[in-house]
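Number of protein chains: 2
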Amino acid sequence: MKKQNAVAILAALAQDNRLDVFRLLVEAGPEGMPAGRIANSLKLQPNALTFHLDQLRDASLVTVRRDGRSMIYTARYEAMNSLISYLTDNCCQGQPGYCPPGTAKGRKSEKVS
Amino acid sequence: MKKQNAVAILAALAQDNRLDVFRLLVEAGPEGMPAGRIANSLKLQPNALTFHLDQLRDASLVTVRRDGRSMIYTARYEAMNSLISYLTDNCCQGQPGYCPPGTAKGRKSEKVS
DNA sequence: ATTATATTTCAAGAATGATTGAAATATCTC
DNA sequence: GAGATATTTCAATCATTCTTGAAATATAAT
């Protein structure tokens, strides 16, 4: 993952409403959720929600598909996951023990030695 | 972790210079790094660096100690880790398989069933 | 005490992001 | 095609955040 990509994802999630939206979609799972139900669930105005969903989409954190007049948004777990890898990359000069549980060793692409 | 806490951490990391600083400190490991060396390494003006380090500190992502006239900053892995847990919490309605590798099951506090 | 090094504080200007309301588009139903 | 529902677009205001430069503090060395 490129740095700018990571910054984009972090910025997208670094906002109350968007973090709520994303977590709601993470809970919703791969079937996703129509915008209307998200707005309802989080008490957001429809245009505000579109604004935030656009940012999540620009950061590749969600995808959309149309179903009738509903727009159904789905969380992209891969994006979240590459972010996590990026953050824990190059942790502790390769010295395990300082690294938190689940970091580097376990998560990264077989770079374990 | 409370939501506001997560937003603070995300916001702190959602900026080019700060993400660089944090990752540099993550690489530096538990011994930390003096501000001067960080500034040098990343070509940042000292006051700008202080500004960014303050934000990382407010988000509890780094700690400081003084050594002579140097201020030594150290990354707090725990903070990063609780963020990761927070993000992957309640993933996919408990249905494994959709969750990305290393998520929930592995990471969370034995909530695997 | 004076000078040098390391870092922080303060204030101002420029840039970016969020919220709101009104209007527009797309799809569906009758 | 007229009206209803779901969502998006646009523009304006307001608030936050970043950057820069100049001055201040703290420690160290002579």
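Protein sequences, first through last, are from chains A and B. Take 1 as the starting number for the first sequence in the numbering used here and just add one per residue. Take 1001 as the starting number for the second sequence in the numbering used here and just add one per residue. All residues carry an ideal CB built from backbone N, CA and C; glycine is no exception.
Item                                                                                                         : Value
Per-residue burial, B/N1040 [other beta carbons within 10 Å of its own, 16 or more giving buried]            : exposed
Residue from A/T88, A/Y86, A/I84, A/V21 with nearest C-alpha to A/T117                                       : The structure shown does not extend to residue 117 of chain A, since chain A is modelled only from 1 to 113, so the question has no answer here.
For A/D67, the three-state DSSP class (helix, strand or coil)                                                : strand
Boundaries of the alpha helix (DSSP H) in which B/P1030 is found, first to last residue                      : No alpha helix (DSSP H) holds B/P1030; DSSP gives it neither H nor E.
For B/S1082, the first and last residue of its enclosing alpha helix (DSSP H)                                : 1077-1088
Euclidean distance between Cα positions of A/A75 and B/L1056                                                 : 28 Å
Among A/S60, A/K43, A/V62, the one whose alpha carbon lies nearest that of A/N17                             : A/K43
Beta carbon proximity, A/A14 to chain B, threshold 8 Å                                                       : yes
Beta carbon proximity, B/K1003 to chain A, threshold 8 Å                                                     : yes
Buried or exposed (CB count within 10 angstroms, at least 16 for buried), A/R23                              : buried
Cβ neighbours of A/V7 in the same chain (closer than 8 Å, five flanking residues each side left out)         : none
Closer than 8 Å to chain B by CB, A/M80                                                                      : yes
Residue-chain proximity (B/I1084, chain A), Cβ-Cβ < 8 Å                                                      : yes
Where B/N1081 falls, given that 16 or more other Cβ within 10 Å makes a residue buried                       : buried
Beta-carbon proximity list for A/R65, same chain, < 6 Å, skipping 5 on both sides                            : I72
Listed by chain order, chain B residues near A/A6 by CB distance under 7 Å                                   : L1019
Chain B within 8 Å of A/L87, Cβ atoms only                                                                   : yes
Contacts of A/L49 in chain B (Cβ-Cβ under 7 Å)                                                               : The contacting residues do not exist; A/L49 stays about 18 Å from chain B at best.
Chain B contact residues for A/A39, given Cβ-Cβ distances below 7 Å                                          : Ordered by position in chain B, no residue passes the 7 Å Cβ test against A/A39, which lies about 19 Å from the chain.
Outcome for A/A59 when other beta-carbon atoms lying within 10 angstroms are tallied against a minimum of 16 : buried
Status (buried if at least 16 other CB within 10 Å, exposed otherwise) for B/A1012                           : buried
Classification of A/G115 by the beta-carbon crowding that lies within 10 angstroms, buried from 16 upward    : The structure shown does not extend to residue 115 of chain A, since chain A spans only 1 to 113, so no value can be given for it.
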